[in-house]
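Data block below; observations after.
There are 4 protein chains.
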Amino acid sequence: MSTIVDFTISPLDKGESLSPYVARVVSIIKTSGLSYKLGPMGTSIEGEMDEIMSLIQRCFEELKRDCGRILMTIKADYRKDFSGRIKTKVSAVEDKI
Amino acid sequence: MSTIVDFTISPLDKGESLSPYVARVVSIIKTSGLSYKLGPMGTSIEGEMDEIMSLIQRCFEELKRDCGRILMTIKADYRKDFSGRIKTKVSAVEDKI
Amino acid sequence: MSTIVDFTISPLDKGESLSPYVARVVSIIKTSGLSYKLGPMGTSIEGEMDEIMSLIQRCFEELKRDCGRILMTIKADYRKDFSGRIKTKVSAVEDKI
Amino acid sequence: MSTIVDFTISPLDKGESLSPYVARVVSIIKTSGLSYKLGPMGTSIEGEMDEIMSLIQRCFEELKRDCGRILMTIKADYRKDFSGRIKTKVSAVEDKI
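Protein chains in written order, with this note's numbering: chain A, 11 to 107; chain B, 11 to 107; chain C, 11 to 107; chain D, 11 to 107.
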């Protein structure tokens with residue numbers, strides 16, 4: 011539970027509307043059992059680095075079935091001995107404003 | 011209102027705990043009047059591209075006062091003739107799951 | 011000269027081949043007078059933060075003329091009292107391998 | 011060979027100078043046998059998605075040994091039926107300027 015990742019995936023050959031593709035990916039994330047949170051610009055996922063990377067790999071394989079070009083962006087934040095940060099990171103900031 | 015940006019800013023010379031620095035930045039975003047949403051891995055901001063870029067510039071100037079090295083990541087998503095997407099992008103996906 | 015930015019810009023409504031769009035953007039970067047370096051996954055630009063941000067804004071306005079949806083990613087690395095890093099950052103690593 | 015990734019890794023608890031840490035990571039990339047190219051803002055790596063992800067995992071494990079907080083950014087570009095793009099992507103743009 012020591013890593014949070016922000017993850018986006020965008021087919022480039024399917025035109026402007028991406029939500030059907032994002033929905034296929036979010037269904038996979040949902041069934042993974044990892045904590046996640048949808049945001050307007052990406053999905054945050056918390057777990058161990060190897061679990062998250064293997065989940066992202068499965069999301070990519072799903073879209074590769076019918077997409078000819080795919081962009082992914084991943085930002086990962088690992089912090090030793092911390093967990094549950096998908097909730098506490100936002101409140102740690104809000105408490106200081 | 012046609013652009014959403016995901017924005018993160020991290021001083022590299024202040025150790026592991028970044029929330030005091032992030033809080034200073036979020037205070038500036040809050041007083042800008044633009045729509046925003048805090049997330050565990052970044053802050054989403056909606057507006058016109060030039061407004062958002064000038065706001066990010068002000069956030070950077072604030073941390074530059076006492077930070078010797080700063081990383082920023084920005085993901086911008088412009089869509090012509092769309093607005094209010096800071097809310098609708100998530101529900102467009104949720105409706106399809 | 012204290013900031014380096016890695017910059018990518020991708021229209022989402024123009025299909026798989028993006029090099030004609032990237033070329034229009036690189037022409038603008040070229041005439042800016044700032045140091046830059048093309049890479050396979052983005053263009054590095056060195057300068058002051060405000061110069062670079064205003065250049066990126068001009069690149070965006072150019073593609074906005076005919077693109078309905080545009081993604082941009084920006085990674086910025088500011089380091090006080092350093093410059094010329096578009097060359098020295100790579101050699102600092104190579105010297106240590 | 012259908013994917014290129016831009017990869018950065020930054021410890022947050024080791025102060026401003028990161029090149030010793032980046033050098034340890036680049037040594038691992040070098041011995042992987044995959045095509046790579048160092049840039050001022052990240053390292054580009056070309057291969058199949060699963061090979062690259064497993065390599066990035068090994069780079070992370072190396073820094074995890076002595077770093078308490080680590081940020082990684084990954085941008086991946088998959089294109090079906092293309093390869094060798096670590097060289098051709100730049101020349102495709104340069105030919106059009």
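Glycine included, C-beta positions come from ideal geometry on N, C-alpha and C. This one's a predicted model, so the numbers in the text were calculated from it and none came from an experiment.
Residue nearest to residue i in terms of C-alpha spacing, selected from the options
| i | options | result |
| --- | --- | --- |
| residue 38(A) | 28(A), 64(A), 22(A) and 58(A) | 64(A) |
| residue 79(D) | 11(D), 15(D), 31(D) and 14(D) | 31(D) |
| residue 72(B) | 12(B), 33(B), 13(B) and 11(B) | 33(B) |
Inter-residue Cα distance where the pair is residue i and residue j
| i | j | result |
| --- | --- | --- |
| residue 35(C) | residue 49(D) | 20 Å |
| residue 90(A) | residue 60(A) | 15 Å |
| residue 56(A) | residue 41(A) | 14 Å |
| residue 68(B) | residue 52(B) | 17 Å |
| residue 27(C) | residue 86(D) | 16 Å |
| residue 19(B) | residue 18(D) | 15 Å |
| residue 75(D) | residue 58(C) | 35 Å |
| residue 94(B) | residue 47(A) | 19 Å |
| residue 101(A) | residue 81(B) | 22 Å |
| residue 44(B) | residue 96(B) | 11 Å |
| residue 66(B) | residue 15(C) | 14 Å |
| residue 77(C) | residue 54(D) | 27 Å |
| residue 11(A) | residue 92(C) | 37 Å |
| residue 83(A) | residue 83(D) | 7 Å |
| residue 13(B) | residue 70(D) | 33 Å |
| residue 29(C) | residue 88(B) | 19 Å |
| residue 98(C) | residue 99(D) | 24 Å |
| residue 4(A) | residue 62(C) | Because residue 4(A) is not part of the residues shown, which for chain A are 11 to 107, the question remains open. |
Q. For the stretch 21 to 46 of chain D, which residues have a beta carbon sitting closer than 8 Å to at least one beta carbon of chain C?
A. Only 26, 29, 30, 32, 33, 36, 37 and 40 from the stretch 21 to 46 of chain D bring a Cβ to less than 8 Å from some Cβ of chain C.
**Q.** Within the stretch 15 to 53 of chain B, ranges of the alpha helix (DSSP H) (whole runs, at least 4 residues)
**A.** 29 to 40
Q: Starting from the N-terminal side, write out each stretch of the beta strand (DSSP E) that is 3 residues or longer and does not extend beyond the stretch 52 to 92 of chain A.
A: 52 to 57 and 79 to 89
Q) What residues in the stretch 51 to 75 of chain D have a beta carbon less than 7 Å from any beta carbon of chain C? A) 51, 52 and 54
**Q.** the stretch 13 to 24 of chain C contacting the stretch 98 to 107 of chain B, beta-carbon criterion three pairs below 8 Å
**A.** no
Q: With 9 Å as the C-beta to C-beta threshold (strictly closer), list the residues of the stretch 76 to 89 of chain C near chain A in chain order.
A: 78, 79, 81 and 83
**Q.** Contact residues within the stretch 92 to 104 of chain A, judged by C-beta distance below 8 Å to chain B
**A.** 95, 96, 97, 99, 100, 102, 103 and 104
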